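Participant: After the structure tokens below, expect a handful of questions from me.
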Amino acid sequence: MNLFRLLGDLSHLASIFILIHKIQTTRSCRGISFQTQALYVTVFVARYIDLFFRWISLYNFFMKIFFIASSVYILYLMKYRYRPTHDPSIDTFKVEYLVGPAVVLSLIFNYKFEFTEILWTFSIYLEAVAILPQLFMLQRTGEAETITTHYLAALGAYRALYIPNWIYRYFTEDVVDPIAIVAGLVQTGLYLDFFYVYFTKVLQGQKFELPA
Amino acid sequence: YGSANGHDEL
Numbered sequence: 003m004n005l006f007r008l009l010g011d012l013s014h015l016a017s018i019f020i021l022i023h024k025i026q027t028t029r030s031c032r033g034i035s036f037q038t039q040a041l042y043v044t045v046f047v048a049r050y051i052d053l054f055f056r057w058i059s060l061y062n063f064f065m066k067i068f069f070i071a072s073s074v075y076i077l078y079l080m081k082y083r084y085r086p087t088h089d090p091s092i093d094t095f096k097v098e099y100l101v102g103p104a105v106v107l108s109l110i111f112n113y114k115f116e117f118t119e120i121l122w123t124f125s126i127y128l129e130a131v132a133i134l135p136q137l138f139m140l141q142r143t144g145e146a147e148t149i150t151t152h153y154l155a156a157l158g159a160y161r162a163l164y165i166p167n168w169i170y171r172y173f174t175e176d177v178v179d180p181i182a183i184v185a186g187l188v189q190t191g192l193y194l195d196f197f198y199v200y201f202t203k204v205l206q207g208q209k210f211e212l213p214a
Numbered sequence: 008y009g010s011a012n013g014h015d016e017l
């Protein structure tokens, strides 16, 4: 564990709290992609299946439980509690285009051809692109509530912080995980456009609006 | 190299 990794994980936690806070205070899941949230549940369940056979640490254990539980809770909020506030007509990204390639890639590029290992790899590839339905929705509507942009910024920061974490681990522990790194770089790259608008508009006190 | 880190990241 190093500082980058810890800050990354805390940023990830923060993003989830921000999202739940947004849904509960506005009593609405407007602007949030159900598809992206459903993909995150898939990612966490596929990756953290190792809860049953691999012990890493208490920290690791509780974080995994939290990510699975909170992501399922968010789906519940969107699907049942605040269902009328979700507009499926603007959340139309075809998730098959993400899940399909993630399955195929994980079958080809993995460390070991074993069921749980392939699930782990699949979860890494899927997480890399899971934000796309959300970004697509943002692009379509061209604007976002400020709180939603804070959620995305925290989520993007989590991914960005994992990069110095890998560099640090390379030098201190001699650990290199090419699958996680390549997928992580792709994932972080997807946030660049968003970050540009976030820093130049939202943090200057303006509303998040994309040029028409 | 590879999964040497034992997938200890979240």
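Sequence lines, in order, name chains A and B.
Reminder that position 157 of the first sequence reads as 159 in this note's numbering, one-by-one numbering, no gaps.
Reminder that position 3 of the second sequence reads as 10 in this note's numbering, one-by-one numbering, no gaps.
Cβ atoms here follow ideal geometry from the backbone N, Cα and C, with glycine treated the same way.
Just so we're clear, the structure is a prediction, and the values are computed from it rather than from any experiment.
So, does the CB of Trp122(A) fall closer than 7 Å to a CB anywhere in chain B?
Facilitator: Yes - at least one Cβ of chain B is within 7 Å of the one on Trp122(A).
Participant: Mind checking Thr44(A): buried by the 16 CB within 10 Å criterion, or exposed?
Facilitator: Buried, by the Cβ-count rule.
Participant: Can you tell me whether Ile63(A) is helix, strand or coil according to DSSP?
Facilitator: The residue you asked about is not Ile; residue 63(A) is Phe in the sequence shown. In the structure shown, Phe63(A) sits in a helix (DSSP, three-state: H, G or I).
Participant: Rounded to the nearest angstrom, how far is the Cβ of Phe95(A) from that of Ser73(A), given a contact under 8 Å?
Facilitator: Not confirmed; about 18 Å, so no contact.
Participant: Which whole-angstrom value describes the C-beta separation of Phe13(A) and Ala159(A), a residue pair presumed to lie in contact below a C-beta threshold of 8 Å?
Facilitator: Correcting the residue type first, residue 13(A) is Ser in the shown sequence and not Phe. Contact flag correct, Cβ pair sits at about 4 Å.
Participant: Got a sec, what are the start and stop residues for the alpha helix (DSSP H) Val45(A) sits in?
Facilitator: Phe36 to Arg49 is the extent of the alpha helix (DSSP H) around Val45(A).
Participant: Taking 7 Å as the CB-CB cut-off, is Ile169(A) touching chain B?
Facilitator: No, Ile169(A) lies away from the interface with chain B (no Cβ there is under 7 Å from its Cβ).
Participant: How many Å lie between Tyr153(A) and Met65(A) at the Cα?
Facilitator: Spanning the two alpha carbons is a distance of roughly 18 Å.
Participant: Does the CB of Ile215(A) have a neighbour CB from chain B at under 7 Å?
Facilitator: This structure does not reach residue 215(A), given that chain A is present from 3 up to 214, and the question cannot be answered.
Participant: At what residue ranges does the stretch 118 to 180 of chain A contain a whole run of the alpha helix (DSSP H), taking only runs of 4 or more?
Facilitator: DSSP runs (the alpha helix (DSSP H)) wholly in the stretch 118 to 180 of chain A: 134 to 143 and 148 to 174.
Participant: My output table needs one value for Glu116(A): the three-state DSSP class, helix, strand or coil.
Facilitator: It is coil, neither helix nor strand.
Participant: Is any beta-carbon of chain B found at less than 7 Å from that of Asp11(A)?
Facilitator: Judged by the 7 Å Cβ criterion, Asp11(A) is in contact with chain B.
Participant: What residues in its chain sit with their C-beta under 7 Å from that of Ile126(A), if we drop five residues either side in the sequence?
Facilitator: If we look at Ile126(A) and ignore the five residues flanking it on each side, its Cβ neighbours are Ile181, Ala182 and Ala185.
Participant: State the DSSP-derived secondary structure class of Glu211(A), mapped to helix, strand or coil.
Facilitator: If DSSP states are grouped into helix, strand and coil, Glu211(A) belongs with the strands.
Participant: Rounded to whole angstroms, what is the Cα-Cα separation between Gly13(B) and Gln189(A)?
Facilitator: Straight-line Cα distance between these residues: approximately 21 Å.
Participant: Among residues of its own chain, excluding the 5 on either side of Arg161(A), which ones have a beta-carbon nearer than 8 Å to its beta-carbon?
Facilitator: Result list for Arg161(A): Gly10, Gly186, Gln189, Thr190 and Tyr193, in chain order.
Participant: Kindly indicate the opening and closing residues of the alpha helix (DSSP H) around Arg85(A).
Facilitator: Counting along the chain, Arg85(A) falls outside any alpha helix (DSSP H), and DSSP gives it neither H nor E.
Participant: Could you pull out every residue in the same chain whose Cβ sits closer than 6 Å to the Cβ of Leu107(A), ignoring the five residues on either side in sequence?
Facilitator: Excluding positions up to five away in sequence, the list reads Tyr127.
Participant: Going along chain B, which residues have a C-beta under 8 Å from Asn62(A)?
Facilitator: Simply Asp15 and Leu17.
Participant: In the DSSP assignment, find the alpha helix (DSSP H) that holds Tyr200(A) and state where it starts and stops.
Facilitator: Unbroken alpha helix (DSSP H) run through Tyr200(A): Leu194 to Thr202.
Participant: Do the CB positions of Phe210(A) and Ala156(A) come within less than 7 Å of each other?
Facilitator: Not a contact, by the Cβ cut-off of 7 Å.
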